[in-house]
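Trainee: Quick one: the structure is below, and I'll ask about it shortly.
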Amino acid sequence: MKKISWLFITAVILVACQQKQEDVAAANNALPIQGTWQLITGTLVEKGVTTVTDYTKGKSFIKIINGDHFSFLLHDLNKGKDSSTNVFSAGGGKYTLTDSTYTEHLEYCNDRQWEGNDFPFTVTIKNDTLTQRGIEKVDTISRMNTEIYVRVKN
677 MKKISWLFIT AVILVACQQK QEDVAAANNA LPIQGTWQLI TGTLVEKGVT TVTDYTKGKS
737 FIKIINGDHF SFLLHDLNKG KDSSTNVFSA GGGKYTLTDS TYTEHLEYCN DRQWEGNDFP
797 FTVTIKNDTL TQRGIEKVDT ISRMNTEIYV RVKN
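Note that our numbering has the sequence shown beginning at 677, numbered continuously upward.
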């Protein structure tokens, strides 16, 4: 009987160790999306009109992604002193990441019509560059959004 108990205990330990190795392997294969990202360019295509925004001139936009939440912050670099370039935007919420599908569940946004919506994107990461591409739909708005970020180094 003692032999059977030891065999059972050994089997349980081996299964537990194997599961832990599989969990670690899955985590290592996940995209390294967590961190702080600086938006470089954004391209919107809406109703056939393409608008490219350079976020390296006159404004700053960052996205912060942790284990289960994201946030974004945008502001002008003029400290709001010029009314024609004065801008501030912020939002955030939970996200999911499955393979290369990153879905933002926007819970907070200064443009309130965007709150409560899900936005699926395809993401790729090459070196320190994250590219996020997807269709954003809210009410009558439907647009293709492509954003290119670089990782902010500490």
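Virtual Cβ for every residue (Gly too), placed ideally from N, Cα, C.
Taking the straight line between their C-alpha atoms, what separation do you get for D744 and Y771?
Mentor: If I take the Cα positions, the gap works out to 6 Å.
Trainee: Since H781 and G769 are thought to touch, with beta carbons under 8 Å apart, how far apart are those beta carbons, to the nearest angstrom?
Mentor: Right, their Cβ atoms sit about 5 Å apart.
Trainee: Indicate the three-state DSSP secondary structure (helix, strand or coil) for Q789 in the structure shown.
Mentor: Collapsing the DSSP output to three states places Q789 in a helix.
Trainee: Do you know how far the Cα of I709 is from the Cα of Y649?
Mentor: Any answer about residue 649 is impossible in this case: the structure gives the chain only from 677 up to 830.
Trainee: So, at 6 Å on beta carbons, what are the nonlocal neighbours of E783 in its own chain, with the 5 sequence-adjacent residues on each side left out?
Mentor: G769
Trainee: Can you look up K755 in the DSSP assignment and give me helix, strand or coil?
Mentor: coil
Trainee: So I651 and G711 are supposed to be a Cβ contact under 8 Å. How far apart are they, rounded?
Mentor: Since the displayed the chain opens at 677 and closes at 830, residue 651 lies outside it and no answer follows.
Trainee: Rank S765, D787, R809, G734 by C-alpha distance to the C-alpha of F748 and give the top, closest one.
Mentor: Answer by Cα proximity: S765.
Trainee: Whose CA, out of L753, K723, W713, lies closest to the CA of N830?
Mentor: W713
Trainee: Which term fits E722, buried or exposed, when burial requires 16 or more other beta carbons within 10 angstroms of its beta carbon?
Mentor: exposed
Trainee: Pull up the distance between the alpha-carbon of D775 and that of A706, whole angstroms please.
Mentor: 7 Å
Trainee: Which class does V763 belong to by DSSP, given the choice of helix, strand or coil?
Mentor: coil
Trainee: Whose C-beta lies closer than 6 Å to the C-beta of G792 among residues of the same chain, with five residues either side of it excluded?
Mentor: none
Trainee: With DSSP as the reference, label S747 as helix, strand or coil.
Mentor: strand
Trainee: Give the C-beta separation of K735 and L753 to the nearest angstrom, bearing in mind that I take them to be a contact with Cβ-Cβ under 8 Å.
Mentor: 6 Å
Trainee: For S818, which of helix, strand or coil comes out of DSSP?
Mentor: Of the three classes helix, strand and coil, the one that applies to S818 here is strand, per DSSP.
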